[in-house]
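Line by line, the protein sequences are chains A and B. Just so we're aligned: the first sequence equals residues 1 to 261 in UniProt numbering. Just so we're aligned: the second sequence equals residues 1 to 787 in UniProt numbering.
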Amino acid sequence: MYSFDMVRPTSVADAVAALGQEDAQALSGGQTLIPTLKQRLAMPSVLVSLSGIDELKGLSVSDGVMEIKGATTHATVAREGGDYPGLAALAANIGDPAVRNRGTIGGSIANNDPSACYPAAALGSGATIVTNTREIAADEFFQGMFTTALEEGEIVTAVRFPIPEKAAYMKFEQPASRFALVGVFVAKYADGVRVAVTGASNDGVHRWSAAEEALSANFAPDAVEGLSVPADNMIADLHGSAAYRAHLVGVMTKRAVAAAD
Amino acid sequence: MPKDHGIGASPKRREDVRFLTGAGQYTDDINVYGQTYVHFLRSDVAHGRINSVNTEVASAMPGVVRIFTGADFDGIGGLPCGWQVTDKHGEPMKEPAHPVLAQGKVRHVGDPIAAVVAESLEEARNAAEAIEVDIEELPAAVNMKAALAEGAPKVHDDLSDNLCYDWQFGSDQADVDAAFEKAAHVTTLELVNNRLVANPMEPRVALGDYSRANDESTLYTTSQNPHVIRLLMGAFVLGIPEHKLRVVAPDVGGGFGTKIFHYAEEAFCTFAARQINRPVKWTSTRSEAFMSDAHGRDHVTKIELALDAENNFIGLRTDTLANMGAYLSTFSSSVPTWLHGTLMAGNYKTPAIQVNVKAVFTNTVPVDAYRGAGRPEATFQLERLVDKAARELGVDPIALRRQNFITSFPYETPVAVAYDTGDYVATMDKLEEMIDRAGFDARRKESEAKGKLRGLGINCYIEACGIAPSNLVGQLGARAGLYDAATVRVNATGSISVMVGAHSHGQGHETAFPQVVAEMLGIDESMIDIVHGDSSKIPFGMGTYGSRSLAVCGSAMVRATEKIINKAKKIAGHLLEASEADIELKDGQFTVAGTDKSVAWGDVTLAAYVPHNYPLEDIEPGLEETAFYDPSNFTYPAGAYACEVELDPETGKVTIERFAAADDFGNVVNPMIVEGQVHGGLAQGIGQALLETCSYDEDGQLLSASYMDYAMPRADDVPFYAVDHSCATPCTHNPLGVKGCGEAGAIGSPPAVVNAVIDALHSGGHTQVTHIDMPVSPGRVWAAMHG
Numbered sequence: 001m002y003s004f005d006m007v008r009p010t011s012v013a014d015a016v017a018a019l020g021q022e023d024a025q026a027l028s029g030g031q032t033l034i035p036t037l038k039q040r041l042a043m044p045s046v047l048v049s050l051s052g053i054d055e056l057k058g059l060s061v062s063d064g065v066m067e068i069k070g071a072t073t074h075a076t077v078a079r080e081g082g083d084y085p086g087l088a089a090l091a092a093n094i095g096d097p098a099v100r101n102r103g104t105i106g107g108s109i110a111n112n113d114p115s116a117c118y119p120a121a122a123l124g125s126g127a128t129i130v131t132n133t134r135e136i137a138a139d140e141f142f143q144g145m146f147t148t149a150l151e152e153g154e155i156v157t158a159v160r161f162p163i164p165e166k167a168a169y170m171k172f173e174q175p176a177s178r179f180a181l182v183g184v185f186v187a188k189y190a191d192g193v194r195v196a197v198t199g200a201s202n203d204g205v206h207r208w209s210a211a212e213e214a215l216s217a218n219f220a221p222d223a224v225e226g227l228s229v230p231a232d233n234m235i236a237d238l239h240g241s242a243a244y245r246a247h248l249v250g251v252m253t254k255r256a257v258a259a260a261d
Numbered sequence: 001m002p003k004d005h006g007i008g009a010s011p012k013r014r015e016d017v018r019f020l021t022g023a024g025q026y027t028d029d030i031n032v033y034g035q036t037y038v039h040f041l042r043s044d045v046a047h048g049r050i051n052s053v054n055t056e057v058a059s060a061m062p063g064v065v066r067i068f069t070g071a072d073f074d075g076i077g078g079l080p081c082g083w084q085v086t087d088k089h090g091e092p093m094k095e096p097a098h099p100v101l102a103q104g105k106v107r108h109v110g111d112p113i114a115a116v117v118a119e120s121l122e123e124a125r126n127a128a129e130a131i132e133v134d135i136e137e138l139p140a141a142v143n144m145k146a147a148l149a150e151g152a153p154k155v156h157d158d159l160s161d162n163l164c165y166d167w168q169f170g171s172d173q174a175d176v177d178a179a180f181e182k183a184a185h186v187t188t189l190e191l192v193n194n195r196l197v198a199n200p201m202e203p204r205v206a207l208g209d210y211s212r213a214n215d216e217s218t219l220y221t222t223s224q225n226p227h228v229i230r231l232l233m234g235a236f237v238l239g240i241p242e243h244k245l246r247v248v249a250p251d252v253g254g255g256f257g258t259k260i261f262h263y264a265e266e267a268f269c270t271f272a273a274r275q276i277n278r279p280v281k282w283t284s285t286r287s288e289a290f291m292s293d294a295h296g297r298d299h300v301t302k303i304e305l306a307l308d309a310e311n312n313f314i315g316l317r318t319d320t321l322a323n324m325g326a327y328l329s330t331f332s333s334s335v336p337t338w339l340h341g342t343l344m345a346g347n348y349k350t351p352a353i354q355v356n357v358k359a360v361f362t363n364t365v366p367v368d369a370y371r372g373a374g375r376p377e378a379t380f381q382l383e384r385l386v387d388k389a390a391r392e393l394g395v396d397p398i399a400l401r402r403q404n405f406i407t408s409f410p411y412e413t414p415v416a417v418a419y420d421t422g423d424y425v426a427t428m429d430k431l432e433e434m435i436d437r438a439g440f441d442a443r444r445k446e447s448e449a450k451g452k453l454r455g456l457g458i459n460c461y462i463e464a465c466g467i468a469p470s471n472l473v474g475q476l477g478a479r480a481g482l483y484d485a486a487t488v489r490v491n492a493t494g495s496i497s498v499m500v501g502a503h504s505h506g507q508g509h510e511t512a513f514p515q516v517v518a519e520m521l522g523i524d525e526s527m528i529d530i531v532h533g534d535s536s537k538i539p540f541g542m543g544t545y546g547s548r549s550l551a552v553c554g555s556a557m558v559r560a561t562e563k564i565i566n567k568a569k570k571i572a573g574h575l576l577e578a579s580e581a582d583i584e585l586k587d588g589q590f591t592v593a594g595t596d597k598s599v600a601w602g603d604v605t606l607a608a609y610v611p612h613n614y615p616l617e618d619i620e621p622g623l624e625e626t627a628f629y630d631p632s633n634f635t636y637p638a639g640a641y642a643c644e645v646e647l648d649p650e651t652g653k654v655t656i657e658r659f660a661a662a663d664d665f666g667n668v669v670n671p672m673i674v675e676g677q678v679h680g681g682l683a684q685g686i687g688q689a690l691l692e693t694c695s696y697d698e699d700g701q702l703l704s705a706s707y708m709d710y711a712m713p714r715a716d717d718v719p720f721y722a723v724d725h726s727c728a729t730p731c732t733h734n735p736l737g738v739k740g741c742g743e744a745g746a747i748g749s750p751p752a753v754v755n756a757v758i759d760a761l762h763s764g765g766h767t768q769v770t771h772i773d774m775p776v777s778p779g780r781v782w783a784a785m786h787g
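The following block contains the structure:
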């Protein structure tokens, strides 16, 4: 690690002000950032911790929408998110207990790791990402691996998930990291089905529109039988070829539909 | 009724109290006054010419004490290789220099270029970033076949090519050729034994200290064999005589072979401490461990089995490329040769066997012994091959093995070794009893009802442990003897310290060794402690590897204890006014045979140290004896393993549902510890089979350089094991009749797993799949199914 200063503001306004300093970096759960710092792969001048800001914590439900504040941990969502069971189950299976007790939803989607779980839930639910300055639809928020619509110094203050009729997330784990080798989030709403895929693509989290159409017509595992995802832009690495990942997208989608409740 | 003390009892491991309560004293826990910290600047390219290393700016940075480069080691010895292999033409292996810090060239990612010694680690790292290194990157030799091709980049410019040796071993060529000519069936298999990173929980650490007052150096290091390090580093690298060099390996958090070897960082810290007259400490990060700990395995093999019309094995031929990496690590050359070729008979009476091994230099981290070392490679290829043969011939894989078992002992194999004892039929019988083979079809149907495939994989194994007879290994090229030593120091009140050359880094010696001495003397184990890991405290020792501790060092301890008993009987005879020949020792009492006259153990030990009434004219006071023990043969643990897997045909994911191991370890001192050793070995073998692999890209960049990509087995990857060691045929040539158990699990389990996966795929109609290289990952299984 390089030397840095650290501040721990207690309000979003103070955090935004602190992030205005040169080379300032927001620190939420730190599950990606701290290892990065330990490897000396980043050299922020000041870390602005979001963990002391009460207005960034907790979740609530109203009018069929679950709002989760940005600095809410995965463990909290797993424990208290029962009104959206598919989302709570996803949170309960991110990483290990240490990750779940430190890692936050805001940190996860702001980082937009191409193998992370939460981006699939946000995109698959058509969530709204709320920041200190605006509201961004998930379809506009995720812009390719490790890239989002966030501006410099902008903080994710909450994510609003419309609660679907049914949903489930199926993750096929990469054997070493246990991140998603392929993860598929399926959510059925009154006006249609959304399918979001993580782990698989060089473009990061994305929707699978052919499956959405088929499942909107018939929400059953069989509906995606015969559909295939092109392998062209899939990730290929030690753990699986592009063709394998493309195949797994189909398998995990089918299984998510079968598991949805 | 199980015993509650002595040999055969299972007292809980006494060392676990400190390990589990955070009170262990590991090398990194040791800090010395005035200590400095070193950070190694390592190569980020696989192969390159060092044009310049400019340390001027870095040397002026805050906290920097001194920066060392390869030039500081001009005229100082390089890291030695401990085993001279002679090739099939009678020529010695090529043995390139291995400088402590790179000189002229870097040869693998992680090769140390410079070492920054500073007041703090952060200051050392900061300064390392300011060193200006001009390296001209060269094409790298990574793949072994490519490295041997004409015109391949040369890892060592002063060698003619990248071939370290071309070794051939076994039966006469004519006998092998004849077997294949008359064969009714030949089964051939090409396979890879995947490169592994040992990944002990504790990374390597070295702390060098120097006392100018008496010109003495001390090295604290994470080693499995401190005396070996003292010998190699003192005599070959730094020129420090033994009496001026102390090597301490305190609590060590796992070794698995990779902490046997003498490493550059140890030599550096000892050297630098003398140069700057201050202690120098290095603690490896996990990232450094991936690129500087010697890796394991990495063989590519073609193996052929000749069978006659009755399915008897009549000939075996292997052709292996073995990766040495960029330099020869301490025992690297012996692993693919004498630790591998000598095991190719396995459990079978194949009369003609030939083993060919080409060792290859590549621009990768050096490769050396890892749990099993050569023997897992031998077992994997042989047991995969026998399974493939059974499938090709349409015969039961267990029946084919049974038909070819060696059944009479001692047995001289065509590959130099002589098995003293064994009963392969008994362990296979036991295994079949353990696995409920009759119920397998029902279990397979249950799996199929869930859309899964189920497979059963069986294999046998044999290993040569209790390493090793010195005169034999000397003839084979070892540059060391492989005996061990123990001193039994009986104190005045009867308590005992046993100084042993074996080193415990997870094996439980501190519990098991006292059980042996307690049994021999008839006293309580709590009166006995084991001292190990410090060259200033123990007589000598070749350390712990090759499942040798109890078989070799334990035998030395038995011999020393026998000397203690002999002397104590003399003292007791004097005290009892009886002839020494009439004295019997039982339950800690010396008794005159046939009488009720006796003295207690403590009376005798006190007399030895307070010799008021003592035969001083005949024997010396005190009660302390040392013995060195050199084994007359290897030991040959053997067994039969079975694995049942479930395979998800949609994803290719394999889960292990059942695993059974029937082992013959000879006599067993502490059954609980033995079971623990088997469990650990199985986890590592299953890790190799399903999860672990160390991968380089074509430029020699390490792809699996962290736990994000290197898959270690976790608790939920392994099943509850069924283990048994009741089929014991005691070793005939050591006093305890023990064979060793540390490596068996890692040797015996990989073929069982892969055999089970192939069985599952065949049951699902994927009969085109005859082999999948390890790790049998979901992606590979799926590719094989659709390939």
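No residue lacks a Cβ here, since even glycine has one placed at the ideal position from N, Cα and C. Computed from a prediction, not measured in an experiment: that's the story for all the values here.
Exercise. Among all the DSSP beta bridges, which residues are the ones paired with G639 (chain B)?
Worked result: B:Y461 and B:D663
Exercise. From E119 (chain B) to Q35 (chain B), what does the alpha carbon distance come to, in whole angstroms?
Worked result: 8 Å
For this session: Kindly provide the ranges of any alpha helix (DSSP H) runs that are 4 or more residues long and lie completely inside the stretch 418 to 491 of chain B, ordered along the chain.
Result: 424 to 435, 440 to 449 and 470 to 475
Exercise. When the Cα atoms are used, what is the spatial distance from S43 (chain B) to A746 (chain B)?
Worked result: 32 Å
For this session: Quick one: using the 10 Å Cβ neighbour count with 16 as the cut-off for buried, is N471 (chain B) buried or exposed?
Result: exposed
Exercise. Do you know whose CA, among B:M520, B:T337 and B:M344, lies nearest residue 795 (chain B)'s CA?
Worked result: The displayed coordinates of chain B run from 1 to 787. Any statement about residue 795 (chain B) would go beyond what the structure contains.
For this session: For the stretch 171 to 182 of chain B and the stretch 190 to 199 of chain B, state whether three or more C-beta atom pairs, one from each stretch, are separated by less than 8 Å.
Result: no
Problem set entry | Three-way DSSP call (helix, strand, coil) for I571 (chain B) in this model | helix
Problem set entry | Contained beta strand (DSSP E) runs [length at least 3] in the stretch 301 to 372 of chain B, N- to C-terminal order | 313 to 325 and 353 to 361
Problem set entry | Cβ-heavy atom distance, G199 (chain A) to the ligand MN, below 7 Å | For the ligand MN, the structure offers nothing, since it holds no ligand at all.
For this session: May I have the straight-line CA-CA distance separating G86 (chain A) from A75 (chain A), to the nearest angstrom?
Result: 14 Å
For this session: Tell me, to the nearest whole angstrom, how far the beta carbon of V490 (chain B) is from that of M557 (chain B); I am working on the premise that it is less than 8 Å.
Result: Their Cβ separation, rounded to whole angstroms, is 13 Å, which puts V490 (chain B) and M557 (chain B) out of contact at 8 Å.
Exercise. Under a three-way DSSP split, which group does K586 (chain B) fall into?
Worked result: strand
Exercise. Is it buried or exposed for H503 (chain B), if we count other Cβ within 10 angstroms and need 16 for buried?
Worked result: buried
For this session: Would you verify that the beta carbon of G602 (chain B) is, or is not, closer than 8 Å to some beta carbon of chain A?
Result: no
Problem set entry | Partners in chain A for L703 (chain B), counting only beta-carbon separations shorter than 7 Å | L238
Exercise. Could you check where the beta strand (DSSP E) with V604 (chain B) kicks off and where it finishes?
Worked result: Not the beta strand (DSSP E): V604 (chain B) falls in the alpha helix (DSSP H), residues W601 to Y609.
Exercise. Going by beta carbon distance, what residues of the same chain come within less than 6 Å of Y348 (chain B), once the five residues before and after it are set aside?
Worked result: F313 and N404
For this session: Figure out for me which residue from B:F659, B:S160 and B:D28 has the closest Cα to the Cα of M434 (chain B).
Result: B:F659
Exercise. Where DSSP assigns a beta bridge to A24 (chain A), which residues make up the other side?
Worked result: A:V46
Exercise. With 8 Å set as the bound, which would you pick, yes or no: does the beta-carbon of L691 (chain B) sit closer than that to a beta-carbon of chain A?
Worked result: yes
Problem set entry | Element boundaries [beta strand (DSSP E), containing H39 (chain B)] | T36 to R42
For this session: Spatial neighbours of A760 (chain B) within its chain, please: CB distance less than 8 Å, with the 5 preceding and 5 following residues excluded, ordered by chain position.
Result: L453, R454, G455, V645, E646, L647 and V654
Exercise. Between P221 (chain A) and A258 (chain A), is the Cβ-Cβ spacing less than 8 Å?
Worked result: yes
Exercise. To the nearest angstrom, how far is it from the Cα of A176 (chain A) to the Cα of G240 (chain A)?
Worked result: 12 Å
For this session: Would you please verify whether the beta carbon of F146 (chain A) is less than 8 Å from any beta carbon of chain B?
Result: no
Exercise. Since S62 (chain A) is in the beta strand (DSSP E), which residue starts that stretch and which ends it?
Worked result: L59 to S62
Exercise. Which residues in chain B sit within 7 Å of G175 (chain A), going by Cβ to Cβ distance?
Worked result: Rather than Gly, the amino acid found at residue 175 (chain A) in this sequence is Pro. Chain B residues near P175 (chain A): L691, A711 and S777.
For this session: Under the assumption that V669 (chain B) contacts A560 (chain B) (Cβ atoms under 8 Å), give the Cβ distance between them as a whole number of angstroms.
Result: The Cβ separation is near 17 Å, so there is no contact.
Exercise. Hey, which unbroken runs of the beta strand (DSSP E) at 3 residues or more fall wholly within the stretch 487 to 538 of chain B?
Worked result: 496 to 500 and 528 to 531
For this session: Taking a Cβ distance cut-off of 7 Å, strictly less, list which residues of the stretch 639 to 672 of chain B are near chain A, in chain order.
Result: E650 and T651
Problem set entry | Euclidean distance between Cα positions of P226 (chain B) and A206 (chain B) | 12 Å
For this session: Kindly give me the distance between the Cβ atoms of E692 (chain B) and A711 (chain B), rounded to whole angstroms, as I take these residues to be in contact under 8 Å.
Result: 6 Å
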